[in-house]
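As structure tokens, the structure follows; a few thoughts come after it.
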Amino acid sequence: MEERAKVIRRHVIRMLAKAGSGHPGSSLSTVDLLVALFYSKLRHNPQQPAWPDRDRFVMSKGHGCPALYAVLAEMGYFSVDTLDTLRQFGSILQGHPCMKTTPGIEISGGSLGQGLSVGLGIALAAKLDKKDYRTYVMLGDGEIEEGQVWEAAMAASHYKADNLCAIIDQNGLQIDGFIHEIMSSHPIPDKWRGFGWHVIEINGHDYKAISSAYDEAEKIKGRPTVIVAKTIKGKGVSFMENQVDWHGKVPTKEEAERALAELK
Amino acid sequence: MTEMIATRQAYGDTLVELGEKNKDIVVLDADLSKSTTTAKFGKKFPDRFFNMGVAEANMMNTAAGLATCGKIAFVSSFSIFATGRAWEQIRNTICYSGLNVKIVATHSGVSVGPDGASHQCIEDISLMKTIPTMTVVEPCDAVETRKAVLAAVAHKGPIYIRLGRAAVPVITKKEDSFSIGKATVLRSGKDVAIVACGALVANSLTAADMLSKEGIEATVVNMHTIKPIDQEILVKVAKQVNAVVTAEQHVLDGGLGSAVASVLARNYPVPMEMIGIDNRFGQSGEPDILFKEYHLLPEDIVVAAKRAIERKKK
Chain A
2 MEERAKVIRR
12 HVIRMLAKAG
22 SGHPGSSLST
32 VDLLVALFYS
42 KLRHNPQQPA
52 WPDRDRFVMS
62 KGHGCPALYA
72 VLAEMGYFSV
82 DTLDTLRQFG
92 SILQGHPCMK
102 TTPGIEISGG
112 SLGQGLSVGL
122 GIALAAKLDK
132 KDYRTYVMLG
142 DGEIEEGQVW
152 EAAMAASHYK
162 ADNLCAIIDQ
172 NGLQIDGFIH
182 EIMSSHPIPD
192 KWRGFGWHVI
202 EINGHDYKAI
212 SSAYDEAEKI
222 KGRPTVIVAK
232 TIKGKGVSFM
242 ENQVDWHGKV
252 PTKEEAERAL
262 AELK
Chain B
277 MTEMIATRQA
287 YGDTLVELGE
297 KNKDIVVLDA
307 DLSKSTTTAK
317 FGKKFPDRFF
327 NMGVAEANMM
337 NTAAGLATCG
347 KIAFVSSFSI
357 FATGRAWEQI
367 RNTICYSGLN
377 VKIVATHSGV
387 SVGPDGASHQ
397 CIEDISLMKT
407 IPTMTVVEPC
417 DAVETRKAVL
427 AAVAHKGPIY
437 IRLGRAAVPV
447 ITKKEDSFSI
457 GKATVLRSGK
467 DVAIVACGAL
477 VANSLTAADM
487 LSKEGIEATV
497 VNMHTIKPID
507 QEILVKVAKQ
517 VNAVVTAEQH
527 VLDGGLGSAV
537 ASVLARNYPV
547 PMEMIGIDNR
557 FGQSGEPDIL
567 FKEYHLLPED
577 IVVAAKRAIE
587 RKKK
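So the sequence lines, in the order shown, correspond to chains A and B.
So in my numbering, spot 109 of the first sequence is number 110, and the numbers just go up one at a time.
So in my numbering, spot 284 of the second sequence is number 560, and the numbers just go up one at a time.
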């Protein structure tokens, strides 16, 4: 898994350097959570992206999509070469997820706070159709400042959506600074417990803990699960780790080379 | 005696009809299901009815999620909350993704009455038609509402249907054809055309009768689909009459009048007058008093028609 994660992180750096814009910090913090999910938990078929019984993954923190695109490419949803076209005119890889252009994307995103609601809708459809596919939604810890997230949390609990699993990529940073400085969403686990969710707290870069959490979530009945994963924004590239500046700034050629060297 | 039925009642009844025929229909509401009448569907098909409580943004995107799984999701609330509060969800998730979410909002316009301005949405046509790829329909009566709702199911992608609160006269017939994007000419006259939608279609017909008594003959066009607007009929009619009045229960900016003006200015400019609400909020009162206050009555349409004809002569 760690090796796969390095491949993904290298893709992310290259893609963003080539694109000239995008979100390295937010993409890098999600990688381990995504790799574990796609390679060992999610039931899906890259050759049949619309397979009706597939598990679904919604990237609610849409700006982290470079990491998702890299995973989808490695899994065969589209060619790895496509990654070089990120954000370019005519590319199937739009700046924020677009379900119309990109295989493997379950909903168009980018505007924060909306994905958990979509995930709930999918979860409700599954229950209605008596199907057992699961829905995973990844959110950021800045994103949960959006009120709609809590509307969805309330509704998911009310509707006992135990086939829904939220993952909080808690990297502690947002655009204007640290979460606790700008708009503290702490204490995060308590809030979700208050809304009736089962809460699992983990280190979001520890594969054993991540896998364990996904397994545990599956067993919970009668309530949805949230995995609050402590992560490092920019994880994997020493000069990007935990830095506010690396939210929306892409590496220069030289910085990209340094980053890739670290990710060998 | 003309039958008076609220368009929202026809909506609820049609949902039940649809629910029986199509198992993919699901309905969502935000704690207003008795008023929007989605409760009728909810009572018959409780498994497919989702009351999302007082949380419209979540409701819209939950509908989107259901639609990604092959459901045809009808979403309802009062129009100010559906199209206002959840505008960005409609734009960024539903429309941008091209999903089969059918937004049917009730309590549009000032005819909401005593609840007052906060609940009287007079901007929703503008809000919805401004979104790329959205379709906007305002049926004129209960009979047309049923057809619009059925057409919405057949329509691929998002659609917005605007309904009111008050009972309105039934002016169309069951056998009349209905097609999204195709306006219907209810009356022909050579002097002026009145292009209207929703509750103002009935007022336009009354205005035409009043004008006729003074020797002025008006064409009345039921422009139930404001987007995509029927350009062909508009230009054809404009060329016949050379004076046009639009009438809507909506602000003058960005609704039916603006859409008609946009077509005619680019294709066949004629003197135009617009009936609508001029940069004011609504207020509490009974619908008939409010229609008088905001100049939405047949007599107001008559005045506007005469003005348009005067300008045509100049």
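Note that CB positions come from ideal geometry on N, CA and C, so glycine has one too.
Problem - Selection of the stretch 331–358 of chain B by Cβ proximity to chain A, strictly under 7 Å - result: ALA331, ALA333, ASN334, ASN337, THR338, ALA339, ALA340, GLY341, LEU342, THR344, CYS345, LYS347
Problem - Closer than 7 Å at the beta carbon, the chain B residues around LYS62 (chain A) - result: Ordered by position in chain B, no residue passes the 7 Å Cβ test against LYS62 (chain A), which lies about 14 Å from the chain.
Handout entry: Bridge partners - THR278 (chain B), DSSP secondary structure assignment
Key = Answer is none; THR278 (chain B) lacks a bridge partner.
Problem - Buried versus exposed, by CB contacts within 10 Å (16 or more), GLU279 (chain B) - result: exposed
Exercise for the section: Output yes or no for whether 8 Å exceeds the beta carbon distance between PHE354 (chain B) and LEU304 (chain B). Expected result: no
Handout entry: Closer than 8 Å at the beta carbon, the chain B residues around GLU107 (chain A)
Key = THR344
Problem - Partner residues on chain B for MET100 (chain A), Cβ-Cβ distance less than 7 Å - result: SER373
Practice task
State the beta-bridge partners of LEU38 (chain A) as determined by DSSP.
Solution key: DSSP, once it has assigned bridges, lists no residue as partnering LEU38 (chain A).
Practice task
Examine chain B for any beta-carbon lying closer than 8 Å to the beta-carbon of LEU125 (chain A), and answer yes or no.
Solution key: yes
Problem - Closest Cα partner of ALA591 (chain B) within the set A:LEU35, A:ILE211, A:ALA153, A:THR102 - result: Residue 591 (chain B) is absent from the structure shown; chain B starts at 277 and stops at 590.
Handout entry: Distance between ILE435 (chain B) and GLY392 (chain B) (C-alpha atoms, nearest Å)
Key = 27 Å
Problem - Contacts that ARG324 (chain B) makes with chain A (C-beta to C-beta distance below 8 Å) - result: LEU129
Practice task
Kindly list the residues whose CB is nearer than 6 Å to the CB of ALA320 (chain A), restricted to its own chain and excluding five residues on each side of it in sequence; keep chain order.
Solution key: Past the edges of chain A, shown from 2 to 265, lies residue 320 (chain A), and the structure says nothing about it.
Exercise for the section: In the DSSP assignment, find the beta strand (DSSP E) that holds ASP305 (chain B) and state where it starts and stops. Expected result: 301–305
Practice task
Could you tell me which chain A residues have their CB closer than 7 Å to the CB of GLN365 (chain B), listed as they occur along the chain?
Solution key: GLN115
Practice task
Determine the direct distance from the alpha carbon of GLY341 (chain B) to that of THR409 (chain B), and round the result to whole angstroms.
Solution key: 19 Å
Exercise for the section: With 8 Å as the threshold, decide whether the Cβ of ASN368 (chain B) is near any Cβ in chain A. Expected result: yes
Problem - For LYS503 (chain B), three-class secondary structure by DSSP - result: strand
Exercise for the section: With LEU532 (chain B) as the anchor, note down where its beta strand (DSSP E) starts and where it stops. Expected result: Premise fails: LEU532 (chain B) lies in the alpha helix (DSSP H), 532–543, not in any beta strand (DSSP E).
Practice task
Whole angstroms is fine: what's the gap from LEU528 (chain B)'s alpha carbon to ASP130 (chain A)'s?
Solution key: 45 Å
Handout entry: Beta carbon of GLN244 (chain A) nearer than 8 Å to that of GLY26 (chain A)
Key = yes
Handout entry: At least 3 beta-carbon pairs within less than 8 Å: the stretch 37–45 of chain A vs the stretch 57–77 of chain A
Key = yes
Problem - Own chain, CB closer than 8 Å to VAL446 (chain B), minus 5 neighbours either side, in chain order - result: THR278, GLU279, MET280, ILE281, ASP417, ALA418, VAL419
Practice task
Return helix, strand or coil for ALA523 (chain B), following the three-state DSSP convention.
Solution key: strand
Problem - Contact with chain A by MET410 (chain B), beta-carbon distance below 8 Å - result: no
Problem - Contacts around HIS163 (chain A), its chain only, beta-carbon distance under 7 Å, and the 5 residues preceding and following it disregarded - result: Per the sequence shown, residue 163 (chain A) should be read as Asp rather than His. Excluding sequence neighbours, ASP163 (chain A) sits near ILE221, LYS222, GLY223, ARG224, PRO225.
Practice task
Identify which residue in B:ALA519, B:MET499, B:ARG556 has its Cα closest to the Cα of ALA535 (chain B).
Solution key: B:MET499
Practice task
Could you tell me whether any Cβ in chain B is nearer than 8 Å to the Cβ of VAL119 (chain A)?
Solution key: yes
Handout entry: Terminal residues of the alpha helix (DSSP H) in which GLY122 (chain A) lies
Key = 116–129
Handout entry: Where ARG556 (chain B) falls, given that 16 or more other Cβ within 10 Å makes a residue buried
Key = exposed
Practice task
Run through the stretch 371–430 of chain B for me and flag every whole alpha helix (DSSP H) of 4 or more residues, listed as ranges in chain order.
Solution key: 400–405, 418–430
Handout entry: Sequence-distant residues of its chain with Cβ nearer than 6 Å to SER199 (chain A) (five each side left out)
Key = First, the amino acid is wrong: residue 199 (chain A) is His here, not Ser. Result list for HIS199 (chain A): ILE221, ARG224, THR226, in chain order.
Problem - Three-state class that DSSP yields for TYR137 (chain A) in the structure shown - result: strand
Exercise for the section: Assuming GLY243 (chain B) contacts ASP506 (chain B) (C-beta within less than 8 Å), just tell me the rounded distance between them. Expected result: This structure does not reach residue 243 (chain B), given that chain B is present from 277 up to 590, and the question cannot be answered.
Exercise for the section: Determine contact between the stretch 476–484 of chain B and the stretch 288–307 of chain B, defined as no fewer than three beta-carbon pairs at a distance below 8 Å. Expected result: no
Problem - GLN525 (chain B) beta carbon less than 8 Å from that of VAL386 (chain B) - result: yes
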